[in-house]
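Trainee: Could you have a look at this structure, given as structure tokens, before my questions?
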């Protein structure tokens with residue numbers, strides 16, 4: 615995989631400025647796993663003094679989508695990607711630094727290979743788990759991605 619945390623963070627600065635402004639950053643990325651992080655601050659809090667759910671969603675989606683972008687870039691074919699659905703579960707107030715980890719990178723290659731082979735769109739679900747500094751789960755996000763060959 616050719617993506618690095620620095621490249622994805624620069625991409626978010628240019629193409630996803632609200633993600634960058636809220637403090638969402640990629641900590642690590644590989645073909646199998648991506649970890650993003652965001653710190654609870656004044657600008658990204660809700661009225662209950664915790665991390666706003668939408669900011670958690672940004673960090674969670676980036677932990678899945680960055681790997682999808684990497685696979686599409688590496689395949690060299692014109693492929694579109696889109697989130698079709700998402701689900702979220704919140705289990706604890708998100709305060710301090712929160713890490714979102716997705717380990718579903720293995721699902722992407724098969725979907726991209728199939729869409730290239732058949733020309734038909736493929737869908738797959740990816741999960742990102744948010745944990746606080748104490749290791750407690752604060753939220754779990756699931757995203758249904760679709761990939762389809764352009765043209």
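Residue numbers (the numbering used here): 615 to 765.
Every residue, glycine too, gets a C-beta built ideally from N, C-alpha and C.
1) Spatial neighbours of residue 627 within its chain, please: C-beta separation below 8 Å, excluding the five flanking residues on both sides.
2) Three or more C-beta pairs closer than 8 Å, one from the segment 746–759 and one from the segment 700–708: is that the case here?
3) With a cut-off of 8 Å on the beta carbons, I'd call residue 670 and residue 712 a contact; round off their distance for me.
4) Looking at the structure shown, is residue 627 part of a helix, part of a strand, or coil, going by DSSP?
5) Identify, in the order they occur along the chain, each residue of the same chain with its Cβ nearer than 6 Å to the Cβ of residue 677, setting aside the five sequence neighbours on each side.
6) Please check the pair residue 683 and residue 763, which I expect to be a contact at CB under 8 Å, by giving their CB distance rounded to whole angstroms.
7) Going by DSSP, name the residue or residues bridged to residue 742.
8) Within this structure, are the beta carbons of residue 724 and residue 697 separated by less than 8 Å?
9) Label residue 753 either buried or exposed according to how many other C-beta atoms from any shown protein chain fall within 10 Å of its C-beta, with 16 as the threshold for buried.
10) Which residue comes first and which comes last in the beta strand (DSSP E) that contains residue 699?
11) By a C-beta neighbour count over all protein chains shown, 10 Å radius and 16 as the cutoff for buried, is residue 679 buried or exposed?
12) Classify residue 685 as helix, strand or coil using the three-state DSSP reduction.
Mentor: Here's the rundown:
1) 634
2) yes
3) 7 Å
4) helix
5) 648, 650, 714, 716 and 742
6) 16 Å between Cβ atoms; not a contact.
7) 755
8) no
9) buried
10) 693–704
11) buried
12) helix
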